[in-house]
Amino acid sequence: MPSLEGRGYCQAEKEWGNEFDNEKNYEEKWKDAEAKLQKFLADYNANTSMIPTEDYNSYLEEAKFYQEVSKMHPGDVNKKLQLAADMIIQEAPLESAA
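So for the sequence shown, our numbering puts the first residue at 340; every next one is plus one.
Written as C-alpha cells, this is what we have:
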C-alpha cells in the first residue's frame, strides 16, 4: 500500500509541475504575442499589406492567440494591440486563413 500512496503523491506533484510549466509557457506566449503586435504597429504602421507574405502566418498565429486571450481576460488587453490583432485576422490572405 505505501507504494500506491507514494505514486499518488508523485502523480500530484507531476501534475502541479505541468500546470506550472503551462502557466509559464502561457505567460511567455502572451509576451511574444504582444511583442509581435507591437512590431506590426511600429514596423508596418498597422498596414497589413506591408507584412511580407512569408511572415504573415507568424503574425496571424500571434494575433489569433491575442484575440483568444482577450476574450478570456478582457482586463489584461491593450486595446490598441487588440485592434491590430483584429486587423491582421480580418485581412489575412486566403492561404494563411486556412
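Just so it is clear, CB atoms sit at the ideal spot from N, CA and C, and this is done for glycine as well. Since this is a predicted model, take the numbers as computed values, not measurements.
query	result
8 Å Cβ cutoff met for D382 and Q406	no
Candidates E366, Y365 and E401, of which the one nearest K378 by Cα	E401
Three-state class that DSSP yields for I428 in the structure shown	helix
Candidates S388, V416 and K370, of which the one nearest Q429 by Cα	S388
A431 to L399 span [Cα, whole Å]	7 Å
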